[in-house]
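Each remark here refers to the structure printed beneath this line.
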Amino acid sequence: MWTLKALRAVPALEHVRLDSHRRVSKAQATIIASAIPEADPKQIAMVARVAVEMIHATIELLFDEPLDPARTCAMVAAMIVSHLDRLDPEPAPDK
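Following this line, the structure appears as structure tokens:
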């Protein structure tokens, strides 16, 4: 846990955290794009990046607060997954 905190607190290490999160986000965006190929790539990239930060923040939260890990992770997972439906473009109306 101290490593995670140091990556955020020490300015000289910020690039390590950001580079790692960007790599993970890119990998997640690739997976999402394969599942929802018609979605806007810029939206996919943003969703993937925010999801990675939410997961990281959740890990820190669980170290800092006496919360139930399973319930907390289930809540965050539901929040992330609920947004994926918004990536799927609306079907074109029949004419």
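In terms of my numbering, the sequence shown opens at residue 42 and continues consecutively. Beta carbons: idealized from backbone N, C-alpha and C, even for Gly. Here the structure is a predicted model, which means the values were calculated and not measured.
- Pairing Leu-48 with Asp-81 gives a Cβ-Cβ distance that is not under 9 Å.
- Exclusion of the five residues before and after Ala-70 leaves Ile-85, Ala-86 and Ala-89 as the residues of its chain whose Cβ lies within less than 7 Å of its Cβ.
- Here His-62 is near Glu-94, since their CB atoms are less than 9 Å apart.
- Membership of Asp-126 in the alpha helix (DSSP H) is indicated by the continuous run 110–128.
- Going by beta carbons, Leu-45 and Glu-101 fall inside the 9 Å limit.
- A residue is called buried once 16 or more other Cβ atoms fall within 10 Å of its Cβ, and Ala-92 is buried on that count.
- Around Arg-112, the same chain offers no residue with a beta carbon nearer than 8 Å, after the five sequence neighbours per side are excluded.
- Look at Pro-52 here: in three-state DSSP terms it is helix.
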